[in-house]
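Those letters in the sequence shown? Residues 10 to 451, per our numbering, in order. C-beta: ideal position from N, C-alpha, C; glycine also.
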Amino acid sequence: MTISPRTLILPAVAALPLAVAFGLGAGDAHASAFQLKENSVKAMGRAFAGAGAAPDDYAVVVNNPAAMLDLPGRGFQFDVTAIQVSAKFSGSGTDALGRPISGGNGGDGGGTKPVPAIYYVAPINDRFSLGAALTVPFGFVTDYNNGWVGRYQAYKSDLQVPALTFSGAFRINDAFSIGLSAIAQRAKADLSNAIDLGAVLAGPTQGAILPQGADGRIRMTGHDWAYGWQAGLLWKPTDSDRIGLNYHSKIKHELSGNATFQVPAAVAPLLDPAFTNTRGHATLNTPAFTELSWWHTVNDRLSLGASVAYTEWSSFQALTIDFDNPAQPPASEPFGWRDTWFGSIGGDYKLNEVWTLRAGFAVDGTPTHADTRTPRVPDATRRWVSVGIGYKPSETLEINAGYTHLFVNDAHVDTVNATGNRLTGSFDNYSNLLGVSGIVRF
């Protein structure tokens with residue numbers, strides 16, 4: 010009996026598409042796809058409106074380094090946001106023969122995870138300022154019950170992308186400042202899903218083994234360091250207005266990792282030398298994005314902001330994986346993502362010198378399509394409703410809290426994997442974000 014190595018490797022490849030796109034979060038991430046915006050609790054309280062132009066948030070180290078020059082002195086900022094996601098599937102599946110796939114709907118694929126951020130800014134003089142940050146700009150976590158109907162697409166996905174950012178700012182004159190950042194990202198991934206080995210062997214065994222008759226499992230891990238940059242501009246056309254423009258580069262990751270297979274003993278001899286533990290390599294680009302922010306001081310109490318961001322997800326069209334095992338040829342998974350827009354409005358209202366209230370609203374588009382959407386990232390367009398509060402007992406200490414609820418459109422799925430397993434249905438998603446931050450100035 011001869012079985013084509015290319016036929017055998019396709020189901021393994023189906024486990025890899027997001028093994029190299031990673032981050033820290035929960036469920037679908039909280040900007041489009043697997044991007045995370047939760048780098049500032051203060052900005053989250055106004056749905057990130059004006060995040061690249063507001064004058065009192067140390068998170069401008071990553072949101073627009075040019076704005077560091079207007080911060081009130083040297084200081085640290087510590088943020089943590091708990092992201093709670095609910096991602097519940099409703100639908101069905103069919104195997105390569107068109108028969109229903111056994112199993113339930115997978116439970117709640119979401120969960121709760123913390124997203125931290127730390128900033129330090131040090132003014133050198135009136136014209137120069139330096140800053141550093143540790144943030145998590147990309148990532149997600151999803152985890153479904155064993156034996157669920159979508160097991161051939163995904164079980165667990167744990168993808169992490171922490172980043173170190175080092176920024177500098179220079180004041181050209183009273184109206185214009187510029188900033189530049191160097192970025193180092195650490196990518197780490199841990200993914201798993203079932204493999205329908207019965208579908209792989211149905212033809213070669215002349216029907217002795219049928220789809221769903223011999224489930225295997227794959228676990229993929231991978232990691233990489235990669236580097237990028239960002240540049241920012243701040244313009245103050247009037248004493249009341251601040252306009253910020255920030256560009257963050259695409260960052261190219263060359264991930265290397267291990268593929269570990271669990272194969273039923275009864276069919277293992279038929280599959281050898283494929284579906285044996287090996288190493289894999291893939292290229293993945295985290296996307297470039299551009300953000301324009303505006304901040305307007307209405308009076309001593311009220312300030313308003315707005316932001317528009319454009320993320321170049323169209324760079325994520327497919328993922329190709331190369332394996333060290335020569336019996337497993339390279340393979341590719343299509344995504345066909347599109348560029349997205351994010352828009353927000355919001356503001357601050359000072360009750361007095363100690364207490365500040367915040368609120369904001371945002372709309373965030375998805376790059377995904379139903380025919381390529383995956384249970385690993387059941388992404389859909391979402392709407393943010395945010396509130397926040399600030400407490401400033403002294404000039405050296407500030408505490409902020411924020412809450413956001415994300416209303417997420419139904420994420421429709423109609424996708425077929427490499428072994429002919431089709432998943433059809435939709436995800437009912439929502440998310441709650443709760444964060445707290447502290448600022449210490451000295």
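- Look at the segment 207-247 and you find these whole runs of beta strand (DSSP E), each 3 residues long or longer: 224-244.
- DSSP lists Y358 as the bridge partner or partners of L311.
- Segment contact: the segment 195-214 against the segment 272-291, three or more CB-CB distances shorter than 8 Å; contact assigned.
- Excluding the 5 residues flanking it on each side, A96 has same chain C-beta neighbours closer than 7 Å at G36, D37, D117, G118, G119, T151, P387, F436 and N438, in chain order.
- Its Cα nearest to that of L45, the residue F298 stands out among F185, S176, F298 and A223.
- According to the DSSP secondary-structure assignment, Q86 is paired through a beta bridge with Y128 and I448.
- Burial check for R108: the Cβ neighbour count within 10 Å stays below 16, so the residue is exposed.
- Under the 10 Å beta carbon count, W234 is surrounded by fewer than 16 other beta carbons and is classified as exposed.
- When DSSP reads this structure, N409 sits in a beta bridge with G399 and S446.
- Secondary structure within the segment 251-286: the alpha helix (DSSP H) runs of 4 or more consecutive residues, fully enclosed, are 277-280 (chain order).
- For V170, the enclosing beta strand (DSSP E) covers residues K165 to R180.
- By alpha-carbon distance to T428, the top candidate from V396, G225, H421 and A371 is G225.
- Counting other Cβ atoms within 10 Å of its Cβ, V71 reaches 16 or more and is therefore classed as buried.
- Residues of the same chain with a CB within less than 6 Å of the CB of F284, apart from the 5 flanking positions on each side, are F270 and V272 in chain order.
- The straight-line gap separating the alpha-carbon atoms of N441 and K122 is approximately 11 Å.
- The Cβ-Cβ distance between I260 and T295 falls below 7 Å.
- Per DSSP, K51 is one residue of the alpha helix (DSSP H) stretching across V50 to M53.
- Beta-bridge partners assigned by DSSP to P109: T103.
- Note that the C-beta distance between G266 and T306 is not below 7 Å.
- Looking at the backbone, the Cα of F325 and that of V130 are separated by about 34 Å.
- Counting the other CB atoms within 10 Å of its CB gives T320 a total of 16 or more, which places it among the buried residues.
- Taking the Cα positions, A68 is about 7 Å away from Y128.
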